[in-house]
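Undergrad: Numbering (this note's numbering), first residue to last: 3 to 659.
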Amino acid sequence: MEKTTGNILKINTKKKMTKRMRTLIWQLSIIGLVSIIYLISGFSIITNSYSKITNRLYADTEAVNILNQNMYRHQTIVFEHIVASSSESKKEFEELANDLEKDIMEQLNYLGNVMSGSSYETYYHSVYSGIVGYISNVDLVFDFSRNGERETANYYMESRLEDYLNKVNDNMDIMNGLIRDDMQLAKDNMEKEAVFVRTSSIVLLFLLLVVSTMSQIIGFRISDEMVNVDPVTGVYNYSYFVEVLNKKEKKGELNNSTFIAINIKGFQYINQQVGNELGDQVLRSYASLLKSCLQKNDLVARFNGDAFYVLIDNDRVDDLFNTLDEAAVELELNVQEEFVDKGRTMTIKVPSRCGFYRYEEGTRIDDALEKSALALRLSRGTNSDRIEYASEMSKNEQYKTRLIHEFGNAISANEFLVYYQPKVDLNTNTLSGAEALVRWLHDDTIIPPAKFIPILEQEGFIVELDFYVFENVCKTIRNWKHNGLKPVRISTNFSKIHLNDDKFADRILDTIEEYKVDGKYIEIELTESVGYGDNATLTSFVKKLKGSGIQVSIDDFGTGYSSLSMMKSIDVDTVKLDKTFIDGIAKEDHNEDDKKLIANIIRMITDLHKNVLCEGVETIGQAEFLKSVNCYQVQGYLYDRPLPLGEFEKRLARPNY
Ligand code: C2E
Ligand code: CA
Ligand code: CA
Numbered sequence: 003m004e005k006t007t008g009n010i011l012k013i014n015t016k017k018k019m020t021k022r023m024r025t026l027i028w029q030l031s032i033i034g035l036v037s038i039i040y041l042i043s044g045f046s047i048i049t050n051s052y053s054k055i056t057n058r059l060y061a062d063t064e065a066v067n068i069l070n071q072n073m074y075r076h077q078t079i080v081f082e083h084i085v086a087s088s089s090e091s092k093k094e095f096e097e098l099a100n101d102l103e104k105d106i107m108e109q110l111n112y113l114g115n116v117m118s119g120s121s122y123e124t125y126y127h128s129v130y131s132g133i134v135g136y137i138s139n140v141d142l143v144f145d146f147s148r149n150g151e152r153e154t155a156n157y158y159m160e161s162r163l164e165d166y167l168n169k170v171n172d173n174m175d176i177m178n179g180l181i182r183d184d185m186q187l188a189k190d191n192m193e194k195e196a197v198f199v200r201t202s203s204i205v206l207l208f209l210l211l212v213v214s215t216m217s218q219i220i221g222f223r224i225s226d227e228m229v230n231v232d233p234v235t236g237v238y239n240y241s242y243f244v245e246v247l248n249k250k251e252k253k254g255e256l257n258n259s260t261f262i263a264i265n266i267k268g269f270q271y272i273n274q275q276v277g278n279e280l281g282d283q284v285l286r287s288y289a290s291l292l293k294s295c296l297q298k299n300d301l302v303a304r305f306n307g308d309a310f311y312v313l314i315d316n317d318r319v320d321d322l323f324n325t326l327d328e329a330a331v332e333l334e335l336n337v338q339e340e341f342v343d344k345g346r347t348m349t350i351k352v353p354s355r356c357g358f359y360r361y362e363e364g365t366r367i368d369d370a371l372e373k374s375a376l377a378l379r380l381s382r383g384t385n386s387d388r389i390e391y392a393s394e395m396s397k398n399e400q401y402k403t404r405l406i407h408e409f410g411n412a413i414s415a416n417e418f419l420v421y422y423q424p425k426v427d428l429n430t431n432t433l434s435g436a437e438a439l440v441r442w443l444h445d446d447t448i449i450p451p452a453k454f455i456p457i458l459e460q461e462g463f464i465v466e467l468d469f470y471v472f473e474n475v476c477k478t479i480r481n482w483k484h485n486g487l488k489p490v491r492i493s494t495n496f497s498k499i500h501l502n503d504d505k506f507a508d509r510i511l512d513t514i515e516e517y518k519v520d521g522k523y524i525e526i527e528l529t530e531s532v533g534y535g536d537n538a539t540l541t542s543f544v545k546k547l548k549g550s551g552i553q554v555s556i557d558d559f560g561t562g563y564s565s566l567s568m569m570k571s572i573d574v575d576t577v578k579l580d581k582t583f584i585d586g587i588a589k590e591d592h593n594e595d596d597k598k599l600i601a602n603i604i605r606m607i608t609d610l611h612k613n614v615l616c617e618g619v620e621t622i623g624q625a626e627f628l629k630s631v632n633c634y635q636v637q638g639y640l641y642d643r644p645l646p647l648g649e650f651e652k653r654l655a656r657p658n659y
């Protein structure tokens with residue numbers, strides 16, 4: 003198989019996208035945070051510094067203005083002093099002037115403090131010296147005025163003090179102008195900075211918008227992927243597959259399509275061998291292989307585990323199956339596993355089973371899927387790996403469901419009957435034992451075991467039924483003894499799944515104990531396919547029962563996978579040859595080689611010190627042949643069919659054939 007990496011790429015892309023998404027969210031948050039901090043701190047720094055500057059400047063102008071006003075007031079007081087006629091009022095004006103002088107000096111000192119080191123300092127000093135000069139000359143003016151020398155006082159005022167005042171006024175004007183300029187400058191600077199902060203914030207916000215939109219788009223894509231795509235293989239997941247199918251059905255696009263349910267054979271084994279991580283790699287490559295067989299309108303989805311569904315055009319089904327017949331995946335061993343070396347590539351064959359259903363118009367999607375899945379399930383019991391759905395399958399399935407449903411009631415209503423098929427000893431032509439065989443009396447019809455045992459076996463209910471039969475057998479043997487009938491050994495069939503239960507032998511022993519049945523009347527039949535996967539289980543089972551005289555036989559020998567050499571290691575009492583062995587014997591066209599084969603098998607089993615019983619003997623010819631090859635234990639319609647209890651009891655009373 004060509005190694006397809008499309009889906010792996012997709013998964014990687016997805017991983018990358020998730021990573022990118024995360025980075026973007028980070029970037030987004032950081033940009034958001036930075037821009038908010040920047041905005042807040044930028045504006046607050048600017049407004050703070052601006053308000054600091056302006057506050058100070060306002061305070062300065064305010065102080066200059068007050069000083070200015072006070073100087074004017076002082077001047078007015080001096081003038082009023084000059085023009086005042088009474089010495090009382092002159093005195094009052096002098097006091098007023100003195101108070102004002104104190105205020106003026108305080109204001110001057112204050113201004114001196116705030117302006118020290120500033121660009122206004124020089125002008126301040128001029129103002130200072132002007133005011134001090136003015137104040138120190140004011141007393142002279144008051145002296146002239148008090149002495150009634152109004153003219154001299156006026157003259158002094160205009161010629162001396164005016165100079166000082168002009169100096170003060172000029173410098174104050176200059177200071178005011180400077181302060182105004184500084185304020186304008188601060189305002190301009192603040193505006194410049196504010197424009198920068200505003201522009202950069204807009205850029206940041208725009209960036210924030212772009213990043214958040216991008217992450218939303220990516221987020222949608224990722225969440226879409228997460229919702230619709232199987233994370234392991236990158237193909238659709240089941241629920242999205244069904245969604246797409248429903249859409250296709252509405253548009254009438256399914257009419258030439260086939261639904262295929264696919265299951266990888268023995269995937270558990272692959273997983274066990276190469277580990278889960280590489281197992282996932284197998285699933286991914288397998289999904290890619292499936293994809294490579296599909297065209298535009300086809301679909302593939304992973305259902306769960308190693309189960310896939312494909313929707314494909316009818317014309318391409320065969321091609322897909324041909325590809326799947328050869329399916330193999332190349333594994334890159336980039337992880338160290340127990341059985342493999344890192345860095346090596348390994349090719350693994352990936353065989354599969356498929357059930358398929360050719361869509362018929364009007365079929366509901368879930369029915370179509372179930373039909374393909376049913377065909378897949380049924381392929382398990384067959385040799386074919388590609389099975390097409392047929393309507394009988396659904397009928398059988400319904401039968402199965404009903405049967406399972408009714409089984410519980412049937413047990414409690416005693417609907418299961420135990421029949422006994424005699425076993426005959428050909429040396430003496432007498433009854434030597436019997437096999438208990440179950441029947442189901444349901445709705446007045448007797449249902450043969452073939453119709454329900456395999457289903458109960460699949461579903462695990464057989465365990466209950468086998469013990470039901472076995473208890474019935476024990477009860478019957480106890481009754482025989484009670485009624486003075488001499489019992490024969492009765493064999494009971496037990497499904498192979500019992501061997502998984504450690505308590506299997508104990509349960510048998512408990513049951514015979516409960517019904518007080520001697521173990522020598524009991525034989526357990528296990529089908530031959532059991533035990534060979536696990537000889538030890540069977541060996542210990544046989545050993546436990548042997549102590550109580552219970553015998554164990556291998557049923558249907560020749561139909562399973564056992565070999566005589568394997569037989570050797572298992573300590574069973576009897577081997578039951580399957581009916582198919584002698585089916586051809588004593589017929590017109592029988593084959594001499596068949597006879598030789600049976601004769602040898604019988605001889606070898608006997609040599610291994612085991613009894614041989616031949617099942618399904620229907621003709622005298624077969625019986626004669628068996629005797630000639632030293633097989634004296636038989637069971638078959640020639641002697642008796644499985645008999646209801648009453649009939650069998652008659653046979654027990656007259657055991658000769
Ligand atoms: P099996 O254990 O091989 O039982 C022998 C089957 O061969 C019986 O079919 C019997 O009626 C049939 N048979 C015997 N002699 C002849 C003959 O000369 N010619 C033909 N054509 N058939 C003959 P039955 O009773 O229908 O049972 C079928 C199978 O169902 C049994 O095969 C056994 O595997 C299973 N079974 C029956 N009862 C139980 C049970 O209680 N528990 C379990 N686990 N399986 C059971
Ligand atoms: Ca049997
Ligand atoms: Ca059998």
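Note that CB positions come from ideal geometry on N, CA and C, so glycine has one too.
Predicted model only: the values in this text are computed from it and were never measured.
#1: Would you call the CB atoms of residue 475 and residue 438 closer than 7 Å?
#2: Look at the Cβ atom of residue 431, then the Cβ atom of residue 659, and state whether they are nearer than 7 Å.
#3: Measuring alpha carbon to alpha carbon, tell me which residue in 262, 126, 349 and 473 is nearest residue 369.
#4: Distance check for residue 166 and residue 95, CA to CA, integer angstroms please.
#5: I believe residue 2 touches residue 387 by the beta-carbon criterion, under 8 Å. Please report the beta-carbon distance rounded to the nearest angstrom.
#6: What number of angstroms, rounded off, separates the C-alpha of residue 541 from the C-alpha of residue 603?
#7: Considering just the uninterrupted stretch of the alpha helix (DSSP H) at residue 123, what are its terminal residues?
#8: Would you say the beta carbon of residue 394 is closer than 6 Å to some non-hydrogen atom of ligand 1?
#9: Across which residues does DSSP place residue 444 in a beta bridge pair?
#10: Whose CA, out of 434, 383, 406 and 260, lies closest to the CA of residue 363?
#11: Can you tell me whether residue 261 is helix, strand or coil according to DSSP?
#12: Nearest by alpha-carbon distance to residue 134: which of 69, 122, 156 and 394 is it?
#13: For residue 635, which beta-bridge partners are listed by DSSP?
#14: Touch check for the region 625-645 and the region 418-426: three-plus C-beta pairs under 8 Å?
#15: Roughly how many angstroms separate the alpha carbons of residue 6 and residue 399, rounded to a whole number?
#16: Consider the C-beta atom of residue 495 and the heavy atoms of ligand 1; say whether any pair is separated by less than 6 Å.
#17: DSSP beta-bridge partners for residue 2?
#18: Taking the continuous alpha helix (DSSP H) assigned at residue 277, which residues delimit it?
#19: For residue 323, which of 265, 279 and 410 has the nearest alpha-carbon?
#20: According to DSSP, is residue 657 helix, strand or coil?
#21: List the endpoints of the continuous beta strand (DSSP E) containing residue 179.
#22: Looking at the unbroken beta strand (DSSP E) that takes in residue 556, where does it start and where does it end?
#23: So residue 129 packs on residue 163, CB below 8 Å; how close in whole Å?
#24: Considering only the alpha carbon of each residue, which of 419, 418, 313 and 449 lies closest to residue 247?
#25: For residue 597, report the span of its alpha helix (DSSP H) as first-last.
#26: For ligand 1, I want to know if residue 644 counts as a neighbour, meaning its beta carbon is within less than 6 Å of at least one of the ligand's heavy atoms.
#27: The alpha helix (DSSP H) spanning residue 629 covers which residue range?
#28: For residue 203, collect the residues of the same chain with a Cβ closer than 8 Å to its Cβ; drop the 5 residues on either side in sequence, then sort them by chain order.
#29: May I ask you to list the residues that DSSP assigns as paired with residue 306?
#30: Any contact between the region 467-482 and the region 510-521? By contact I mean 3 or more CB pairs, one from each, below 8 Å.
#31: Can you find the residues in the same chain that come closer than 6 Å, C-beta to C-beta, to residue 573, ignoring five residues on each side of it along the sequence?
#32: Whole angstroms is fine: what's the gap from residue 650's alpha carbon to residue 417's?
#33: I want to check one thing, is the minimum distance from the CB of residue 557 to the heavy atoms of ligand 2 below 6 Å?
#34: Taking residue 35 as the reference, give the member of 206, 296, 282 and 409 with the closest Cα.
#35: Per the contact definition of three or more C-beta pairs closer than 8 Å, is the region 249-259 in contact with the region 315-331?
#36: Hey, does residue 615 have any beta-carbon neighbour from chain C nearer than 7 Å?
TA: So, from the data block:
#1: Translated into the one-based positions of the sequence shown, residue 475 becomes position 473. Translated into the one-based positions of the sequence shown, residue 438 becomes position 436. It is a contact, given that the beta carbons lie within the stated cut-off.
#2: Position 429 of the sequence shown holds residue 431. Position 657 of the sequence shown holds residue 659. Yes, the pair counts as a contact, with Cβ atoms nearer than the cut-off.
#3: Here residue 369 refers to the residue found at position 367 of the sequence shown. Comparing Cα-Cα distances from residue 369 to each of 262, 126, 349 and 473, the minimum goes to 262.
#4: Translated into the one-based positions of the sequence shown, residue 95 becomes position 93. Translated into the one-based positions of the sequence shown, residue 166 becomes position 164. For residue 95 and residue 166, the distance between alpha carbons rounds to 21 Å.
#5: Outside the displayed range of the chain (3 to 659) lies residue 2, so it cannot be described from this structure.
#6: The count along the sequence shown starts at 1 and reaches residue 541 at position 539. The count along the sequence shown starts at 1 and reaches residue 603 at position 601. Roughly 22 Å between the two C-alpha positions.
#7: On the sequence shown, position 121 is the one that residue 123 refers to. That run of the alpha helix (DSSP H) goes 123-148.
#8: Taking the sequence shown and counting its residues from 1, the one referred to as residue 394 is at position 392. No.
#9: As a working mapping, residue 444 is identified with position 442 in the sequence shown. For residue 444, which the question treats as bridged, DSSP gives the partners 447.
#10: In the sequence shown, counting from the first residue as 1, residue 363 sits at position 361. Minimum Cα distance to residue 363 is reached at 260.
#11: Sequence index remark: in the sequence shown, residue 261 carries index 259 (1-based). Three-state DSSP puts residue 261 in a strand.
#12: Taking the first residue of the sequence shown as 1, we reach residue 134 at position 132. When only C-alpha atoms are compared, the closest one is 69.
#13: Taking the first residue of the sequence shown as position 1, residue 635 is located at position 633. For residue 635, which the question treats as bridged, DSSP gives the partners 427 and 615.
#14: yes
#15: Here the question's residue 6 lines up with position 4 in the sequence shown. Here the question's residue 399 lines up with position 397 in the sequence shown. In this prediction, residue 6 scores a pLDDT of 39, lower than 50, which makes its location untrustworthy; no coordinate-derived value is stated.
#16: For the purposes of this step, residue 495 is taken as the residue at position 493 of the sequence shown. Yes - ligand 1 has a heavy atom lying nearer than 6 Å to the Cβ of residue 495.
#17: Nothing can be reported for residue 2, as the shown portion of the chain is limited to 3 through 659.
#18: Along the sequence shown, read from residue 1 onward, the residue named residue 277 stands at position 275. 269-294 is the span of the alpha helix (DSSP H), which, as asked, contains residue 277.
#19: Indexing the sequence shown from 1 puts residue 323 at position 321. Checking every option, the nearest Cα to that of residue 323 belongs to 265.
#20: Within the sequence shown, residue 657 is the residue found at index 655, counting from 1. Coil at residue 657, not helix or strand.
#21: Position 177 of the sequence shown, counting from 1, holds the residue named residue 179. That residue, residue 179, is in no beta strand (DSSP E); its alpha helix (DSSP H) goes 164-230.
#22: Working through the sequence shown from its first residue, we reach residue 556 at position 554. Its beta strand (DSSP E) spans residues 553-559.
#23: For the purposes of this step, residue 129 is taken as the residue at position 127 of the sequence shown. For the purposes of this step, residue 163 is taken as the residue at position 161 of the sequence shown. At roughly 15 Å, the Cβ-Cβ gap does not stay under 8 Å, so residue 129 and residue 163 are not in contact.
#24: By one-based count along the sequence shown, residue 247 stands at place 245. The residue with the shortest Cα to Cα distance from residue 247 is 313.
#25: Here residue 597 refers to the residue found at position 595 of the sequence shown. Note, residue 597: alpha helix (DSSP H), 594-609.
#26: By one-based count along the sequence shown, residue 644 stands at place 642. Yes, since a heavy atom of ligand 1 falls inside the 6 Å radius drawn around the Cβ of residue 644.
#27: Stepping through the sequence shown from its first residue, residue 629 is reached at position 627. Residues 622-630.
#28: The sequence position of residue 203 within the sequence shown is 201, counting from 1. Excluding residues within five positions, the ones whose Cβ falls inside 8 Å are 37, 40, 41 and 44.
#29: In the sequence shown, the residue the question calls residue 306 occupies position 304. Residue 306 pairs with 309.
#30: yes
#31: Residue mapping note: residue 573 aligns to position 571 of the sequence shown, counting from 1. Result list for residue 573: 544, in chain order.
#32: As a first step, residue 650 must be located in the sequence shown, where it is residue number 648. As a first step, residue 417 must be located in the sequence shown, where it is residue number 415. Distance between the alpha carbons of residue 650 and residue 417 is about 19 Å.
#33: The sequence position of residue 557 within the sequence shown is 555, counting from 1. Within the cutoff, so yes.
#34: Along the sequence shown, one-based indexing puts residue 35 at 33. Residue 35 has its Cα closest to that of 206, out of 206, 296, 282 and 409.
#35: yes
#36: Of the protein chains in this structure there is only one, and it is not chain C.
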